[in-house]
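As structure tokens, the structure follows; a few thoughts come after it.
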Amino acid sequence: VVVEQASGQEGYMAGHSPALKRLEKGEVKIREAEGKEPRIVQIPGGHIHVGKTMAVYTRYAGWKAGE
70 VVVEQASGQE
80 GYMAGHSPAL
90 KRLEKGEVKI
100 REAEGKEPRI
110 VQIPGGHIHV
120 GKTMAVYTRY
130 AGWKAGE
């Protein structure tokens with residue numbers, strides 16, 4: 070998962086150390102498996118919680134055109 074943060078883009082993979090970060094308006098890129106094209110979701114900002122699983126908390130989200 071790649072997300073937009075105030076400091077720029079940051080990526081998280083399975084097994085990442087726990088984190089709770091604020092997200093900026095932008096895209097969340099989700100790659101479900103190695104070699105697959107990422108799916109892109111547009112969000113107005115929010116938070117990402119990373120632990121054993123990952124969750125993005127936002128008021129709303131929409132798949133980028135063509136997804």
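All the letters of the sequence shown, read from the start, carry residue numbers 70 to 136 under the working numbering.
The beta-carbon is built from N, C-alpha and C at its ideal position, and this holds for glycine as well.
Asked                                                           : Found
Per DSSP, the bridge partner or partners of Val-71              : Gly-80, Lys-98
Rounded separation between Gly-84 and Gly-120 - CA only         : 8 angstroms
Residues sharing a beta bridge with Tyr-31, DSSP                : Since the first and last residues shown for the chain are 70 and 136, residue 31 lies out of range.
Residue(s) in a DSSP beta bridge with Glu-90                    : According to the sequence displayed, residue 90 carries Lys and not Glu. DSSP, once it has assigned bridges, lists Ile-117 as partnering Lys-90.
Distance between Arg-128 and Arg-100 (C-alpha atoms, nearest Å) : 22 angstroms
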